[in-house]
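Residue numbers (my numbering): 905 to 1248.
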């Protein structure tokens, strides 16, 4: 059985906010790594591109997961996966390291000195089991009134309808309409949490006939920044489904789809930075996430640019069709959670 390692957490000097959650790795022996990936000691210009690259890696991994999910709900923590894989990269060498660095878009070697210091790992460790979980609980800055929740129709991608509990809120919200490079209109709405450091973004095609994958396939960290910078504070009546999603994802398939294969192969994996005498490989890479969105807030565990334009926006925004959501740490651009709601 795997043994959860004790916390070896060090605080970064506010590079990653404590609210970003806790990352845990467990193994058959005592594989003890820091709970948060500490990239640099201070918030600097150098840290910002790395945060964006890390977010992009997590978003691309979500695309693989969403493609496999098809018309089913999916929820994932890009931050949790990027943190986990960053730690794995620190122990990798040779082709295994090359695959990780290529897929992730950055190389951590040299950024964190003496991370895997001698004596940290059990010398008889023969394989690694990676378990990733992130916990977050947020309260809306402006809660949805409980009395405003009613049954309303939700349109699935196959055209069928279902009745679901829909929350409603009239308030000044950060919202806008955008268009993809292929000319598809879509809505973006920001729902800030108390303190405004964290926000949930709701992203939905304007037309019910547009598949959600048309948006999933264009999202990047840079595009999300564009949304944030171009949202306008406007009076809106928002109607949004309550939803609760839970998933346990084996990351092996989506990671393999991005070219990360050697670390799962007993004959090819190279983790000699961890142990030079015993061959190591990753036997499992699991992430479990549960998220619930209701009137009070959220409980969770676990280079394409938009063309902006103006049009008459309806006073009522009804999210009665499949949509994407993401929870973002605004100061760093870190994406804590991301998911698709196909059926609330």
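Glycine residues also receive a C-beta, built at the ideal position from the N, C-alpha and C atoms. Note that this is a predicted model, so its numbers are computed, not measured.
Option in 1139, 1115, 1104 and 1042 with minimal Cα separation from residue 1076: Within the chain shown, residue 1076 is the residue found at index 172, counting from 1. Comparing Cα positions, the closest option is 1139.
Counted within 10 angstroms of its Cβ, other Cβ atoms place residue 1087 as buried (16 or more) or exposed: Residue mapping note: residue 1087 aligns to position 183 of the chain shown, counting from 1. So residue 1087 ends up on the exposed side.
Per-residue DSSP class, three states only, for residue 1162: Taking the chain shown and counting its residues from 1, one reaches residue 1162 at position 258. Residue 1162 falls in the coil class under three-state DSSP.
Cβ distance (whole Å) where residue 958 is taken to contact residue 986 below 8 angstroms: Here residue 958 refers to the residue found at position 54 when the chain shown is read from its first residue. Here residue 986 refers to the residue found at position 82 when the chain shown is read from its first residue. Between residue 986 and residue 958 the Cβ distance is about 4 angstroms, and since that is below 8 angstroms, they are a contact.
Inter-residue Cα distance where the pair is residue 963 and residue 1168: Position 59 of the chain shown, counting from 1, holds the residue named residue 963. Position 264 of the chain shown, counting from 1, holds the residue named residue 1168. Those two C-alpha atoms are separated by around 21 angstroms.
Residue 1109 burial status per 10 Å Cβ neighbour count (16 or more: buried): Here residue 1109 refers to the residue found at position 205 when the chain shown is read from its first residue. By the neighbour-count rule (16 or more Cβ atoms within 10 Å), residue 1109 is buried.
Residue 1230 versus residue 1102 - alpha carbon distance: Translated into positions along the chain shown, residue 1230 becomes position 326. Translated into positions along the chain shown, residue 1102 becomes position 198. One C-alpha to the other measures close to 10 angstroms.
Residue 1177 to residue 982 span [Cα, whole Å]: Along the chain shown, one-based indexing puts residue 1177 at 273. Along the chain shown, one-based indexing puts residue 982 at 78. Approximately 25 angstroms between the Cα atoms of the pair.
Where residue 1246 falls: helix, strand or coil (DSSP): Here the question's residue 1246 lines up with position 342 in the chain shown. It is coil, neither helix nor strand.
Every unbroken beta strand (DSSP E) within the stretch 1121-1156, with a cutoff of 3 residues, ordered by chain: 1136-1145 and 1147-1154
Same chain, Cβ closer than 6 angstroms to residue 1172, five either side skipped, listed in chain order: Here residue 1172 corresponds to residue number 268 of the chain shown, with the count starting at 1. Cβ within range, chain order: 1166.
Spatial distance of residue 1091 from residue 1162 (CA atoms): Along the chain shown, one-based indexing puts residue 1091 at 187. Along the chain shown, one-based indexing puts residue 1162 at 258. Their Cα atoms are separated by approximately 29 angstroms.
Beta bridge counterpart(s) of residue 1203 as assigned by DSSP: Position 299 of the chain shown, counting from 1, holds the residue named residue 1203. The partner list for residue 1203 (beta bridge, DSSP) reads 1041 and 1196.
Selection from 1059, 1224, 1241 and 1112 that minimises the alpha carbon distance to residue 1145: Indexing the chain shown from 1 puts residue 1145 at position 241. Checking every option, the nearest Cα to that of residue 1145 belongs to 1224.
Distance, residue 1128 Cα to residue 1174 Cα: Residue mapping note: residue 1174 aligns to position 270 of the chain shown, counting from 1. Residue mapping note: residue 1128 aligns to position 224 of the chain shown, counting from 1. Answer to the nearest angstrom: the Cα atoms are 35 angstroms apart.
Residue from 1000, 954 and 1153 whose Cα sits closest to the Cα of residue 1184: The residue you call residue 1184 lines up with position 280 of the chain shown. That would be 1000, whose Cα lies nearest to the Cα of residue 1184.
Member of 1179, 1046, 1164 and 1180 whose CA lies at the smallest distance from the CA of residue 1189: Residue numbering aside, residue 1189 sits at position 285 when the chain shown is read from its first letter. Checked all of 1179, 1046, 1164 and 1180; the closest Cα to residue 1189 is 1164.
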